[in-house]
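One structure is given here, and the rest of the page talks about it.
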Amino acid sequence: MEIIKTTRLTKYYGKTRGILGLNLTVAQGEFFGFIGPNGAGKSTTIRTLLGLISPTSGRARVFGKDVAKERTSILQDIGYLPSEAMFYPGMKVKELLKLSADLRKRDCGGEANLLCERLRLDPSRRIGDLSFGNRKKAAIVCALQHRPSLLVLDEPTSGLDPLMQKEFFDILRERNREGATILLSSHILSEIQRSCTRAAIIRDGRIIACDSVEVLSKTSAKRVTVHGAADLSRLSGIRDKKESKESVSFLYSGDMGRLLRALASGQVHDLTVTEPDLEEIFLHYYEKGGETV
Amino acid sequence: MTLVKHELRQGKTSFLIWTASIGFLLVICVFLFPEMKGQMEGVSDVFASMGSFTQAFGMDRLNFGTLIGFYAVECGNILGLGGAFYGSLCGAAILSKEEKDKTAEFLLTHPVSRKRILTEKLIAVLLQITAMNLILYALAVGSVAAIGEEIPWKEIHLLHLAYYLLQIELAGICFGLSAFLPRGSAGAGLGIAAMLYFLNLIANISDSAGFLKYITPFGYCEGADIVSNGTLDARMASLGAAIGIGGIIIAYVKYTKKDIH
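Those sequence lines, one after another, are chains A and B. Counted the way our numbering counts, the first sequence spans residues 47 to 339. Counted the way our numbering counts, the second sequence spans residues 58 to 318.
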């Protein structure tokens with residue numbers, strides 16, 4: 047079943063581009079990554095899916111329901127974690143969690159306590175006294191305490207220390223195993239690579255690649271690092287070249303035989319050939335506008 | 058009614074400060090009356106012969122030497138201005154504060170329709186204004202009784218009813234305004250209340266500006282008219298109610314379709 051489906055979804059803010067003809071599908075139970083830098087259209091897409099903004103054209107469906115018409119019923123089963131969590135001043139964490147649960151007409155006390163314990167968040171503290179990271183934890187509990195079947199997470203780990211990031215992703219993986227669908231928007235590619243099964247890359251408001259993380263990471267190009275000296279000037283297919291005194295590293299998508307002959311004619315002490323990481327693929331998509339590496 | 062309770066909790070401090078301030082001034086003013094009563098015969102003549110100033114505050118038609126004449130001018134201004142500022146602030150902040158404080162994202166990603174949010178916030182505004190007026194009414198009646206004066210029930214009822222309507226009308230106008238302003242609208246709310254107050258003063262001074270009384274809610278709150286006619290001007294009050302309801306309708310139309318950033 048398709049949990050999220052957008053069809054030619056377009057949003058303009060006046061004359062400014064938000065997203066353009068976005069077609070995105072997330073299936074039930076997927077841990078889906080949504081990658082792109084600031085201003086690419088990630089938040090616009092998420093805000094449209096949550097009904098905070100109306101699309102200029104196109105359609106967005108969540109749980110098979112039209113976002114424009116059935117927003118309230120859709121939100122009943124969504125947990126949303128904003129990138130910058132802001133809450134009402136003067137409230138305590140437990141009051142905020144109770145308000146959130148009451149707005150959902152649910153009793154989430156037990157689950158909230160469990161999550162606060164795992165994230166080491168003191169519910170008796172005032173929101174105004176919390177650090178950015180602890181405010182983020184309060185937002186995480188708000189998003190998870192009603193055990194939603196769809197989690198929409200916008201830059202979720204900003205402000206969390208590495209231990210808490212690990213705990214947070216452990217919770218997410220547990221929820222995912224229990225059947226929850228997760229849409230994770232991030233520009234931290236290692237997060238996507240570690241956790242997501244599929245991902246989409248958004249650039250200038252358009253999806254430029256959408257596939258399994260494995261396929262996105264697997265390309266014909268290799269990261270080659272050569273220690274020593276070799277004449278590579280006559281080779282084509284070299285990109286992203288980084289030179290130091292003793293080594294040279296580059297992405298190579300040319301003829302492997304020619305590379306090996308060039309290396310053999312030089313003085314090579316050591317050689318490594320690896321798959322490029324998602325970060326390099328991502329940069330490639332941004333530089334080349336989506337051509338296959 | 059989760060949101061009503063939440064809004065009442067959020068607005069508690071502001072409610073207490075405004076109610077205590079207006080109530081304190083009102084009671085002090087009433088307690089000054091016995092002392093001033095003896096001096097009023099001469100003073101009334103002075104107040105009645107200050108030209109435009111006299112007309113602006115309706116002192117040419119009220120007897121300062123009587124409790125109701127004194128109450129309509131002195132306490133009327135405290136209730137009118139103080140209440141108008143509070144009503145405007147309540148209405149102006151209730152929607153726009155969510156965007157200004159960036160809490161709109163939290164609220165609007167819960168399964169609550171925007172219509173329900175508007176309705177519950179409006180109920181919270183009306184409850185706060187009503188509670189403040191009931192307290193001020195009790196303080197007014199109590200303080201008049203405390204100074205041993207006979208309570209002019211009819212006039213007090215009419216004056217307090219007029220100021221209650223004025224606050225609700227202003228809250229309605231500012232509620233509509235609040236749906237448009239993303240960065241808070243407290244200043245705009247106070248500005249509107251002050252502008253409408255001064256429009257009424259201008260309407261009192263100049264006959265050619267008399268039509269302004271139909272624009273400003275202070276027109277049907279004129280103590281001199283209420284006391285001398287023994288009734289509220291139904292036409293002005295109805296027009297005021299229509300304007301207030303218009304503001305509320307505009308808020309519903311705008312906020313249910315608005316993009317929240």
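Yeah, the Cβ is synthetic: ideal placement off N, Cα and C, and Gly gets one too.
- Looking at the DSSP output, B:K315 bridges to nothing.
- In this structure the stretch 161 to 169 of chain A does not touch the stretch 144 to 152 of chain A; the number of beta carbon pairs closer than 8 Å is below three.
- Taking C-alpha positions only, A:I124 is separated from A:L199 by approximately 10 Å.
- By the CB criterion at 7 Å, A:I49 and A:L218 fall outside the cutoff.
- Of all residues in the stretch 166 to 181 of chain B, the ones placed with a Cβ closer than 7 Å to any Cβ belonging to chain A are T166, H167, P168, V169, S170, in chain order.
- Annotation: the stretch 164 to 229 of chain A contains the following complete segments of the alpha helix (DSSP H) (minimum length 4 residues), in chain order: 178 to 190, 208 to 223.
- Taking the beta carbon of B:Q185 as reference, no residue of chain A falls within 9 Å; the closest one sits roughly 17 Å away.
- By the 16-neighbour rule on beta-carbons within 10 angstroms, A:R172 is exposed.
- Close to chain A, meaning a Cβ-Cβ distance shorter than 9 Å, are the following residues of the stretch 148 to 162 of chain B: D158, K159, T160, A161, E162.
- The beta-carbon distance between B:L124 and B:E177, rounded to whole angstroms, is 41 Å. This is too long to meet the 8 Å contact definition.
- Sequence-ordered contacts of the stretch 80 to 105 of chain A with chain B read R93, L96, G97, L98, I99, S100 [C-beta pairs closer than 9 Å].
- Apart from sequence neighbours up to five positions away, the residues of its chain that approach B:I305 with a beta-carbon distance below 7 Å are L179, G229, F232, G233, ordered along the chain.
- The count of Cβ pairs closer than 8 Å, one atom from the stretch 129 to 141 of chain A and one from the stretch 177 to 195 of chain A, reaches three, so the stretches are in contact.
- The Cβ atoms of B:V182 and B:G139 lie no closer than 7 Å to each other.
- Here the stretch 265 to 282 of chain A lies against the stretch 294 to 309 of chain A, with 3 or more beta-carbon pairs under 8 Å apart.
- The beta carbon of B:K270 sits closer than 7 Å to those of N257, A260, G276, M293, all from its chain and outside the five residues before and after it, given in chain order.
- 7 Å or more divides the Cβ of A:V314 from the Cβ of A:F296.
- Taking the CA atoms as reference points, B:T313 sits about 15 Å from A:R93.
- Counting C-beta pairs closer than 8 Å gives fewer than three between the stretch 252 to 268 of chain A and the stretch 102 to 110 of chain A, which falls short of the contact rule.
- Straight-line spacing of the CA atoms in B:L60 and B:S263 works out to 46 Å.
- Selection B:K94, B:R173, B:S295, B:L165 evaluated against B:L223 yields B:S295 as nearest (Cα-Cα).
- Taking the Cα positions, B:G144 is about 18 Å away from B:F237.
- Per the Cβ contact rule, the stretch 125 to 138 of chain B is in contact with the stretch 279 to 293 of chain B (3 or more Cβ pairs under 8 Å).
- The distance from the Cβ of A:P101 to that of A:K57 is about 5 Å, consistent with a contact at the 8 Å cut-off.
- A:I248 is bridged by DSSP to A:I253.
- In the three-state scheme derived from DSSP, where H, G and I count as helix and E and B as strand, B:Q96 is classed as coil.
- Sequence-distant Cβ neighbours of A:G300 in its own chain, meaning closer than 6 Å and more than five residues away, are L281, S282, G283.
- For the C-beta of B:T76, not a single chain A residue is nearer than 8 Å; the gap to the nearest is close to 19 Å.
- Taking a C-beta distance under 7 Å as the contact criterion, A:K88 and A:F80 qualify as a contact pair.
- Taking C-beta atoms as the reference points, A:E201 and A:S241 fail to come closer than 7 Å.
- From the listed residues B:E212, B:S170, B:T288, the smallest Cα separation to A:E116 is found for B:S170.
- For B:H167, the secondary structure class from DSSP, reduced to helix, strand or coil, is coil.
- A:T118 has a beta carbon lying within less than 7 Å of a beta carbon in chain B.
- Counting C-beta atoms within 10 angstroms of its own C-beta, A:Q191 has 16 or more neighbours from the protein chains shown and is therefore classed as buried.
- With contacts defined by Cβ atoms closer than 7 Å, B:I317 and B:A161 form a contacting pair.
- CA-to-CA, the gap between B:V84 and B:A291 works out to about 29 Å.
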